[in-house]
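Asker: I have a structure here, written as structure tokens, and I will follow up with some questions on it.
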Amino acid sequence: MATSIWRLRSKLADSPVEPPRAVVRHLESAWDALAEAGVQIQDHLNTPFDSGLALTVVAFQPTPGLSREQVVETVRPSVYLHDRVVQRGEVIVGTPASSDQPTPGP
0 MATSIWRLRS KLADSPVEPP RAVVRHLESA WDALAEAGVQ IQDHLNTPFD SGLALTVVAF
60 QPTPGLSREQ VVETVRPSVY LHDRVVQRGE VIVGTPASSD QPTPGP
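In terms of numbering that gives the first Met the number 0, the sequence shown has 59 at position 60, counting the first letter as 1, and numbering is strictly consecutive.
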């Protein structure tokens, strides 16, 4: 349930159209209820990546503009219940683009 609420919250935040207030209110109410029950949902987007983190890396992706490895997409968030991991986050990690790789041409 936590992952579904996180996905819905992310989709609404990225939507070019403002969602109905009732939808936002119910979503935030569900988010708050989880927090009150001791559930924490952590999105790792733009977090510097270190191999010691408790994350599952789905893929490494060369990404221009990065100076170090960084999470460029969260596939599934980490979910904690009273500070214990109940779901390990799944992420795509961006790696600095190698300057010695040829750039694709026409």
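Note that CB positions come from ideal geometry on N, CA and C, so glycine has one too. In this text, all values refer to a predicted model and were calculated from it rather than measured experimentally.
CB-CB under 6 Å to Glu72, same chain, minus the five flanking residues each way: which ones, in chain order?
Answerer: In the sequence shown, the residue the question calls residue 72 occupies position 73. Here the set comprises Ile91.
Asker: What are the uninterrupted segments assigned as alpha helix (DSSP H) that are 4 or more residues long and contained completely in the stretch 50 to 87, given in chain order?
Answerer: Counting whole runs of 4 or more residues, the stretch 50 to 87 contains no alpha helix (DSSP H) stretch at all.
Asker: Would you kindly check if the distance between the Cβ of Thr62 and the Cβ of Ala96 is under 8 Å?
Answerer: For the purposes of this step, residue 96 is taken as the residue at position 97 of the sequence shown. For the purposes of this step, residue 62 is taken as the residue at position 63 of the sequence shown. Against a cut-off of 8 Å, the Cβ pair of Thr62 and Ala96 comes out as a contact.
Asker: For Arg94, write down the residues that DSSP places opposite it in a beta bridge.
Answerer: Position 95 of the sequence shown holds residue 94. In the sequence under discussion, the amino acid at residue 94 is Thr, which differs from the Arg named in the question. Answer is Pro61, bridged to Thr94.
Asker: With a 10 Å radius around its C-beta and 16 neighbouring C-beta atoms as the bar for buried, classify Arg75 as buried or exposed.
Answerer: Here the question's residue 75 lines up with position 76 in the sequence shown. It counts as buried.
Asker: Which full runs of the beta strand (DSSP E) of 3+ residues lie inside the stretch 12 to 45, going along the chain?
Answerer: Those beta strand (DSSP E) runs which fall completely within the stretch 12 to 45 and span 3+ residues are 38 to 41.
Asker: For Ile40, which of Thr94, Ala1, His81 has the nearest alpha-carbon?
Answerer: As a working note, residue 40 is residue 41 in the sequence shown. Ile40 has its Cα closest to that of Ala1, out of Thr94, Ala1, His81.
Asker: Could you name the residues of the same chain whose beta carbon sits closer than 6 Å to that of Gln118, not counting the 5 residues immediately before and after it, in chain order?
Answerer: The first residue shown for the chain is 0 and the last is 105, placing residue 118 beyond what the model contains.
Asker: Output needed for Val84: all residues of its chain with C-beta closer than 8 Å, excluding positions within five of it in sequence on either side, in chain order.
Answerer: As a first step, residue 84 is located in the sequence shown; it is residue number 85 there, counting from the start. The residues are Ala53, Ser77, Val78.
Asker: Determine, using beta carbons only, whether Glu68 and Phe48 come nearer to each other than 8 Å.
Answerer: For the purposes of this step, residue 68 is identified with residue 69 of the sequence shown, where counting begins at 1. For the purposes of this step, residue 48 is identified with residue 49 of the sequence shown, where counting begins at 1. Cβ atoms of Glu68 and Phe48: closer than 8 Å.
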